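The next block holds one structure in the form of structure tokens; read it before the comments.
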Amino acid sequence: MAMSSSAETAAARRRGRSGWLLSTPALVLLLLGAAGPLLVVLAFSLLSKGEYGGVALPVSGQAWFEIFFQRDIFDGTISPAKAHLAIFWRSVWLSLATTLITFVLGLPTAWFIATRPERQRALWLFLITIPFWTNLLIRTFAIMEVIRNEGLLNTTLIAMGAIDQPLQILFTDWATLIGMAYVYLPLMVLPLYAAIDRFDMRLLEAGYDLYASRWRLLRRVILPIVRPGIVAGCILVFIPSLGAYVTPRVLGGGTNMMVGNFIELQFGQARNWPLGASLSMALLIIVMVALLVYVRASAREGRDG
Amino acid sequence: MTAMDQPSPADQAIAADHVIKRFGDGDSVVRALDDVSVTIAKGEFFTLLGPSGCGKTTLLRCIAGFETPTSGRILLSGRDITREPPNRRRVNTVFQSYALFPHLTVAQNVAFGLEMLGKPRAEVSRTVDRMLSLVRLDAFAARRPDALSGGQQQRVALARALATQPEVLLLDEPLSALDLKLRKEMQSELKRLQHETGITFVFVTHDQEEALTMSDRIGVMSAGKLLQVGPPREIYNRPVNRFVADFIGETNFLPALVEDGQVRLTSGEVVGQGQGQGRVTVAIRPEQLHLALPGDGGAIPATVEGSTYLGTDSHVQLRLVDGSRLVARVPSQPSGDLALPAGTQVGLRVAPGAVQVLAD
Ligand SMILES: Nc1ncnc2c1ncn2[C@@H]1O[C@H](COP(=O)(O)OP(=O)(O)OP(=O)(O)O)[C@@H](O)[C@H]1O
Ligand SMILES: [Mg+2]
Chain A
1 MAMSSSAETA AARRRGRSGW LLSTPALVLL LLGAAGPLLV VLAFSLLSKG EYGGVALPVS
61 GQAWFEIFFQ RDIFDGTISP AKAHLAIFWR SVWLSLATTL ITFVLGLPTA WFIATRPERQ
121 RALWLFLITI PFWTNLLIRT FAIMEVIRNE GLLNTTLIAM GAIDQPLQIL FTDWATLIGM
181 AYVYLPLMVL PLYAAIDRFD MRLLEAGYDL YASRWRLLRR VILPIVRPGI VAGCILVFIP
241 SLGAYVTPRV LGGGTNMMVG NFIELQFGQA RNWPLGASLS MALLIIVMVA LLVYVRASAR
301 EGRDG
Chain L
1 MTAMDQPSPA DQAIAADHVI KRFGDGDSVV RALDDVSVTI AKGEFFTLLG PSGCGKTTLL
61 RCIAGFETPT SGRILLSGRD ITREPPNRRR VNTVFQSYAL FPHLTVAQNV AFGLEMLGKP
121 RAEVSRTVDR MLSLVRLDAF AARRPDALSG GQQQRVALAR ALATQPEVLL LDEPLSALDL
181 KLRKEMQSEL KRLQHETGIT FVFVTHDQEE ALTMSDRIGV MSAGKLLQVG PPREIYNRPV
241 NRFVADFIGE TNFLPALVED GQVRLTSGEV VGQGQGQGRV TVAIRPEQLH LALPGDGGAI
301 PATVEGSTYL GTDSHVQLRL VDGSRLVARV PSQPSGDLAL PAGTQVGLRV APGAVQVLAD
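Protein chains in written order, with the working numbering: chain A, 1 to 305; chain L, 1 to 360.
Okay, structure coming up:
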């Protein structure tokens, strides 16, 4: 008995070792591909800025300090870096608003597709994914063409007599919001569709039979059951929104920056690589905290019904 | 249907009044319900019986409000509810698929309807407790439906539908997914629940035995039409036509002649009394035929063609002198041996009143 069990553990150890060996290539790739660059960014954020860009010694917390505070160049007084916080804040609320808009538009869209006859669904899903076939920049310029002062929207509204001055949408936060909602809508629709597709429509009749109104059916039956799709969709939209770069750059103009643009600025014109690196890390931390809070909260709500 | 079968207006739970339901249009139109009229009394256990596709589910869905009749009316306690949505009708459904809410516990499932009606919290939890003990699931209150067996899910569906005290409970083949033993158990369980709650049950099945044992009255449907409505005995013993006689139980159909109220088989023997005149079809149940010695006074001569042992009794296949075939049901002997080899000559007696002259 003792013999065989020690033989077994030896075999298990061998199996374990060969398991490790087999997964080594993947682990190395993961380390090099994901953790490696992150470590580089972390290291950069803890160095001083070089004279013409790049980083230099000594090690310093200056970049992290600069995210939140600024030192007056004349009298050296320290005050909160309002501009930076405003950029973070804009990024967060634009991303939240984008998530909300795509959810409100995406839910009926996904519902519509999921309730089509089987053969039509593939076509609708195909239509939803068509924008992915075009370059993001081109799509963003297309949106610009629609909302600029002499664009499709304004000329139509003026021709209809609804307004007599063009609406200034381009180069405002609204433009960024419209652009991001357009770009990220498919990322909301697809997971919602997958969840609704699994939803048993007979439950609607059961709820309706038990005196639920349409609104209550949505709140008490549909939303709780398709929750995994909602969670996935919100994550898929919120995270890239937070780091969006092209859309705010093209539609928001130079002034309405989001974090992504601000980071790019540090690595480009501002030549402050450590600040760029620390901003990137800060963004990463925000995303992780937001994810954690969100997943925890939705799991709890799921448990409580 | 005789006048006596019609409940008086005060006792009416649900009524269908010349209900027609068509699906599709043009060439592909389906008449799922073809002028159905029926009145179901308060507290009655009413069963809709018929083959697949005859419109049972459609009639139930019209009563529940999931379908609107093409024409005709649905009345609940005498009030026209044809255009009321399902969430306004005090009618609940036990779905064939159960349709329990997977994200809610058993107790929350049962509480759902009560909460939608805005009942106070204390009353909801009291009613849920009472319902769960009524269906004997007290111990399962905190479980999710997917952690229950088929029979338990079935009882949750029942408790959920009964909790709001509907005027009528609709059950669409609720037992068809259960195995035979559980099915028998749930049959008596359903009868008990109906007895204890006093709620009107409209029950759908295509199992004639289930219909006969459980119902106060049965409505037999075929191709969208309600052919006959009556108590089980009447449906079984006095089927109005060949379809009903054939669908309920086993029956021998024989060509016959009616003259002056006497029914005469084509082989010549007078077997009973009946209405009508000329050539007709008569139905005789196998258990109403008794074997006798050949040449016994008044017995119909017949030849045994074979027999099938069925446990409590045997089916004996017989041929009459004119070549028509029929089946008699003979109780099994203690020895288990019927001793009736093929070719044996026997006599047949027909029990008094067993001959049914059919309309078609
Ligand atoms: N939504 C619908 N659209 C078109 N035809 C329908 C629809 N619902 C039912 N039918 C047709 O109406 C007829 C009656 O259907 P119904 O479901 O009422 O039958 P049933 O008696 O319940 O049968 P089963 O015992 O198989 O459940 C069938 O021919 C069916 O194909
Ligand atoms: Mg059916």
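For each residue, glycine too, the CB sits at the ideal point set by N, CA and C. Bear in mind the structure is a predicted one, so any value in this text is a computation, not a measurement.
For N92 (chain L), the enclosing beta strand (DSSP E) covers residues 91–94.
Closest in C-alpha terms to S45 (chain A), from the list A:L31, A:G53, A:Q62, comes A:Q62. Taking L132 (chain L) as the centre and dropping the five residues before and after it, the same chain places the C-beta of V106, A107, V110, D138, F140, A141, A159 closer than 8 Å to its C-beta, in chain order.
Scanning A:A282, A:I286, A:G276 for the CA closest to the CA of G50 (chain A) turns up A:G276. If you look at Y309 (chain L), you'll find it in the beta strand (DSSP E) that goes 300–309. Within chain L, F95, S97, A99 have C-beta atoms less than 7 Å from the C-beta of R202 (chain A), given in sequence order. In the displayed model, V221 (chain A) falls within a helix according to three-state DSSP. In this structure, the alpha-carbon of L283 (chain A) lies about 15 Å from that of L96 (chain A). Distance between R139 (chain A) and L170 (chain A), taken at the CA atoms: about 15 Å. Neighbourhood of ligand 1, defined by CB distance below 6 Å to any of its heavy atoms: L:F23, L:G24, L:V30, L:A32, L:G50, L:S52, L:G53, L:C54, L:G55, L:K56, L:T57, L:T58, L:H206, in chain order. Where Q269 (chain A) is concerned, there is no enclosing beta strand (DSSP E), because DSSP gives it neither an H nor an E. DSSP, read as helix, strand or coil, puts G150 (chain L) in helix.
The beta carbon of I284 (chain L) sits closer than 8 Å to the beta carbons of T251, N252, L254, V271, L326, V350, A354, V355, Q356 from its chain, once the five residues preceding and following it are set aside; these are given in chain order. Taking the CA atoms as reference points, L279 (chain A) sits about 14 Å from V92 (chain A).
7 Å or more divides the Cβ of H18 (chain L) from the Cβ of D34 (chain L). Less than 7 Å divides the Cβ of K56 (chain L) from the Cβ of M221 (chain L). Counting other Cβ atoms within 10 Å of its Cβ, I163 (chain A) stays below 16 and is therefore classed as exposed. For M201 (chain A), there is no enclosing beta strand (DSSP E), as DSSP gives it neither H nor E. By DSSP's assignment, P80 (chain A) forms a beta bridge with A:F69.
By alpha-carbon distance to F95 (chain L), the top candidate from A:E205, A:L242, A:N256 is A:E205. DSSP places R217 (chain L) inside the beta strand (DSSP E), whose first and last residues are 217–222. Looking at the DSSP output, L48 (chain L) bridges to L:V204, L:G219. The beta carbon of L210 (chain A) falls within 7 Å of a beta carbon belonging to chain L, placing the residue at that interface.
CA-CA distance, L137 (chain A) to V246 (chain A), rounds to 7 Å. One Cα belongs to L94 (chain A), the other to F126 (chain A), and the distance between them is close to 28 Å. For V41 (chain A), the enclosing alpha helix (DSSP H) stretches over residues 36–45. Scanning the stretch 122–194 of chain L from its first residue to its last, the whole beta strand (DSSP E) runs of 3-plus residues come out as 168–172. The beta carbon of R233 (chain L) is closer than 7 Å to none in its chain, skipping five residues each way along the sequence. Scanning its chain for C-beta atoms nearer than 6 Å, with the 5 sequence neighbours on each side dropped, one finds around N92 (chain L) the residues A161, P166, L169, in chain order. In the structure shown, Q356 (chain L) falls within a strand segment according to DSSP collapsed to helix, strand and coil. Beta-bridge partners assigned by DSSP to Q317 (chain L): L:G306, L:V327. Taking C-beta separations shorter than 6 Å and ignoring five residues to either side along the sequence, the partners of A64 (chain L) in its chain run P86, V91, T93, L170, following chain order. Excluding five sequence positions before and after F132 (chain A), the CB atoms of its chain that fall closer than 7 Å to its own CB belong to P186, given in chain order. Under DSSP, A56 (chain A) shares a beta bridge with A:S48. Within chain A, the residues placing a beta-carbon under 7 Å from that of F66 (chain L) are E205, ordered along the chain. Neighbours of T164 (chain L) in chain A, taken as residues at a C-beta separation under 9 Å, are given in chain order as L210, Y211.
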